[in-house]
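These protein sequences, in sequence, are chains A and B.
So the first sequence is residues 793 to 1224, counted in the working numbering.
So the second sequence is residues 793 to 1224, counted in the working numbering.
Following: one structure in structure tokens, then a few remarks.
There are 2 protein chains.
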Amino acid sequence: MDVFFRPRSVAVFGASRSLDKPGRVILRNLVNNFRGRIYPVNPHADELDGLKCYSPADVPKAELGVFAIPAPAVVKTLEEVGDRLKGALIVAGGFGESGRTELDRRLLETGEKHGLRIWGPNCLGTLDAHSGLNTLFLPLSRLPFPERGNVSILSQSGATVAAVLDWASTVGLGVSKVASYGNQLDVSDYEILEYFQKDPETDVIGFYVEGLKDGRKLLNMEGDKPVVVLKAGRTGSGVKAARSHTGALAGNYEVFRGVARQLGWHLAPGPEEFLMALKARSLWRRKVHRVGIVTCGGGFGVMASDAVEKCGMELAKLSEESLSVMKDAFPERVSLANPVDLTGDATPEMFAVAIEQMLSDRGVDAVIAIILLQLPKLHAEIIDVLNGFRGRGKPVVVVSPPGAYASGVNELVELPLVSSPEKAARVLAVLD
Amino acid sequence: MDVFFRPRSVAVFGASRSLDKPGRVILRNLVNNFRGRIYPVNPHADELDGLKCYSPADVPKAELGVFAIPAPAVVKTLEEVGDRLKGALIVAGGFGESGRTELDRRLLETGEKHGLRIWGPNCLGTLDAHSGLNTLFLPLSRLPFPERGNVSILSQSGATVAAVLDWASTVGLGVSKVASYGNQLDVSDYEILEYFQKDPETDVIGFYVEGLKDGRKLLNMEGDKPVVVLKAGRTGSGVKAARSHTGALAGNYEVFRGVARQLGWHLAPGPEEFLMALKARSLWRRKVHRVGIVTCGGGFGVMASDAVEKCGMELAKLSEESLSVMKDAFPERVSLANPVDLTGDATPEMFAVAIEQMLSDRGVDAVIAIILLQLPKLHAEIIDVLNGFRGRGKPVVVVSPPGAYASGVNELVELPLVSSPEKAARVLAVLD
């Protein structure tokens, strides 16, 4: 499986002279980030993006072949070059999903003959933020190469994983590997999950799925890395839509939930919760029950209290010491119960004291900090205060709604930041 | 009540020389936007922000007096100038909520004596986007003056309404009036709701509330404008936090829900849903049951199908005519059931055709358009295509997740735009 994430060399079949063709987009993305050898395959060009071009007949041995040519040409070319590759990643559609099962059969035969694995077809392929491999045929101007991190995502849908990956960049979620696996003619969801469970560069796994290929087999999978799942096809309408999308037999959602429960998977209700759960789990692995809330707006503190209870957690009871430290540090108007309401005169320094005290309070598992940036005393220094709590063992989640001034500040906060109190509570509730 | 929203003249008590004092912030905000006369009251200054200053003894008659001075001084000053005002809006705290009921009593006496109404105390006061009145003591650099619209919001919490108002500006929600009413010593939530119901510049009402002053009285209120409610204090923890925030007896949430149901109020689960429900209702008033989905990513289409069913609506069955028009217009790979999946090669023109056809299909009540801006053929022209559907009778809600390129485009879309399919379905489900 390594060949699909960190091959030493890649041959790109379909490296077109035309800049907007998938094969050429892949070539340029590889030139930008991939650290191995790259062989563009195009019998009609001498050179592309500074690299010598090859024809299928003379392309050198490469660990991975990426095929961005029409389905029939894929089969024919692979029959010709199969002995020179260890893996074939096929982005083109037009195979079994369009009824062309004969093409599938020939692909599998070629794979078996040469002992090569086949990825896809009908997918965006893979991205590895460490090796720089990237077969997603979307220009970097639309989907920048992600920041490196410890989260790997596999997805039954290419466009979905592209959108999620792009969204991830706006919330500071670092990525290790991305896998859009398409038709699973050979390499299956199961194998990718297993690979991610063993991959030393992956700590947390995200999974967009419409229907599992073999749920029973999954039940025996080893590995204890947290898996966050975004499952589509939960209702009659969704199941029907999934069938026409990936051909997945989304089946009964209750059955899927049973499998997920047994595997300890966390089911996210939507893509935003999916990303936030991945982010929280990429940072922390400890169960949260007793939550401290620091706010500069009473109303948001009340909403956060509601949300903490609704998510099955409780408001922490602050220690006598915490109360006494804060009583000494803050003006009289500050409400010292939990939530601690610093009121409209809150300063970055006051937040620093309150969060620090809660983090050192043994009765507090995690903190929700509510920052309303309409308040004039909350200068940009709040960014440094909040980022200073990054890397602490106890989770700190920031609530800061978007706004004219707020949005710019929010972008610079490196802790998980959400727009509303319910979301903060949900982020904490997924930890275990 | 007009005096609190469109007075002809305003006297500002506490117009300080110091730029960051609340009274001075209010003065500057008025100078920026208010169209009536402004009298700064400061016996120690001759002129502030280009306006002549007065002492309480010589301040001219003004319809509204805004008091940004400490509680005891408010009472004393109002006793002196009460005969020259029709309304007194008191932003300062330190009254009944701090146990000083004697100050409350004297305020009420002065009000009765001169026949003047009292707003607050302990609040941010009011903003009227039409008259330009703005007593919210937050600098415009933090909370810009909102765009004019038909939505009015009243709130038991000042900081909450400021945050919501700021957020509203990022989703293109136009505002008519804003009311932070504080302690309700005289003017109550009930009266403000009644005023908004009658106000010709208000079509939709938003209400942040922890506890109602008099729920029974509300049951007899007239007016059929839609009211969207953000209720905090729904759980034991929230009720307790509300008591220490606004002193509100948040009471039993089930009782509140009963009142809301009887009044036809829509309860939003959080601030984001609150804003989106206000936005949807500010644009459309028709019940949605049959939803059409146009997508360029199959996975998001499946998620949207799930969400539509979960929100109690259904996927529209497209007419033969719609199917035939789209079959002629689109390449073969486009999936023509509902969801219509334009696939990764989708162009702005294809979206225009599909949405237009769905809007003219009598079997479709509303459209969810899913735009994944990682796809290279979705140029910025998609903005014009989408905005062209503004003002159509049938709702169109856009799903576009944030992203490196996407976020800039999203900001320019004038239709309700949300980050995920579930949110789009929830926006449509609140219409009636």
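For each residue, glycine too, the CB sits at the ideal point set by N, CA and C.
Rounded to the nearest whole angstrom, the CA to CA distance from G1180 (chain B) to R1053 (chain A) is 46 Å.
Close partners of K1102 (chain B) in chain A (Cβ separation under 7 Å): T1027. Around D1153 (chain A), the same chain offers G1084, A1108, L1110, S1111, E1113 and S1114 as residues with beta carbons nearer than 8 Å, after the five sequence neighbours per side are excluded.
Contact between the segment 945 to 964 of chain A and the segment 1184 to 1197 of chain B is present: 3 or more CB-CB pairs across the two stretches fall below 8 Å. The C-beta separation of A880 (chain A) from G857 (chain A) comes to about 5 Å, placing the pair in contact by the 8 Å criterion. Neighbours of W1057 (chain A) across chain B, judged by C-beta separation under 9 Å, do not exist; the nearest C-beta is about 18 Å away. The beta carbon of P862 (chain B) sits no closer than 9 Å to any beta carbon of chain A. Between R1078 (chain A) and D1157 (chain A), the C-beta gap is smaller than 9 Å, which places the two residues in contact. DSSP links F859 (chain B) through a beta bridge to B:F805 and B:I882.
Look at Q1166 (chain B): its C-beta is under 9 Å from a C-beta on chain A. The beta-carbon of S1097 (chain B) is placed less than 9 Å from the nearest beta-carbon of chain A. Taken atom to atom, the span from the alpha-carbon of V873 (chain B) to that of L1204 (chain A) is near 49 Å. Counting of Cβ neighbours within 10 angstroms places M1013 (chain B) among the exposed residues, the total staying below 16. Contact between E1101 (chain B) and S1029 (chain A) holds: CB atoms are separated by about 4 Å, below the 8 Å threshold. Spanning the alpha carbons of T918 (chain A) and K813 (chain A) requires a straight line of approximately 18 Å.
Sorting B:K1032, B:D1006 and B:V996 by C-alpha distance to the C-alpha of V1019 (chain B) places B:V996 at the top.
Proximity of the segment 923 to 931 of chain B to the segment 981 to 988 of chain B falls short of the contact definition, fewer than three beta-carbon pairs being nearer than 8 Å. Sorting B:V1047, B:R1026 and B:V833 by C-alpha distance to the C-alpha of L1011 (chain B) places B:V1047 at the top.
Sequence-distant Cβ neighbours of G941 (chain A) in its own chain, meaning closer than 8 Å and more than five residues away, are A921, L965, G966, V967, S968 and S1074. In the DSSP annotation of this structure, G950 (chain B) is not part of any beta strand (DSSP E); the continuous alpha helix (DSSP H) holding it starts and ends at G950 to T962. For the segment 931 to 942 of chain B, the residues whose beta carbon sits under 8 Å from a beta carbon of chain A are, in order, P931, S933, R934, L935 and P936. The beta carbon of L895 (chain A) sits closer than 6 Å to those of A863, V867 and F887, all from its chain and outside the five residues before and after it, given in chain order.
Using a Cβ distance threshold of 9 Å, V795 (chain B) and R909 (chain B) count as a contacting pair. Looking at the backbone, the Cα of G907 (chain A) and that of G806 (chain A) are separated by about 23 Å. Of the candidates B:C1088, B:P1168 and B:V1080, the residue whose Cα lies closest to the Cα of G1185 (chain B) is B:V1080. At a cut-off of 9 Å between C-beta atoms, G1200 (chain A) does not count as an interface residue with respect to chain B.
Listed along chain B is no residue with a C-beta nearer than 9 Å to that of D1157 (chain A); the closest approach is about 15 Å. Around the beta-carbon of H1171 (chain B), fewer than 16 other beta-carbon atoms lie within 10 Å, marking it exposed. Ranked by how close their Cα comes to the Cα of Y1045 (chain B), the residues B:G1183, B:A1072 and B:G1007 have B:G1007 in first place. Beta-carbon to beta-carbon, V943 (chain B) and G1015 (chain B) are separated by about 15 Å, too far to satisfy the 8 Å threshold. Within the segment 1169 to 1203 of chain A, the residues whose Cβ lies closer than 7 Å to some Cβ of chain B are P1193, P1194, G1195, A1196, Y1197, A1198 and S1199, listed in chain order. Put simply, the backbone Cα of Q976 (chain A) is about 34 Å away from that of A1144 (chain B).
The C-beta distance from P938 (chain A) to A1072 (chain A) rounds to 18 Å, too long to meet the 8 Å contact threshold. Scanning chain B for C-beta atoms nearer than 8 Å to the C-beta of C1088 (chain A) yields A951, reported in chain order. Assignment of beta-bridge partners to P832 (chain B) by DSSP yields B:V804. Listed by position along chain A, the residues whose Cβ is nearer than 9 Å to that of Y1000 (chain B) are G1091.
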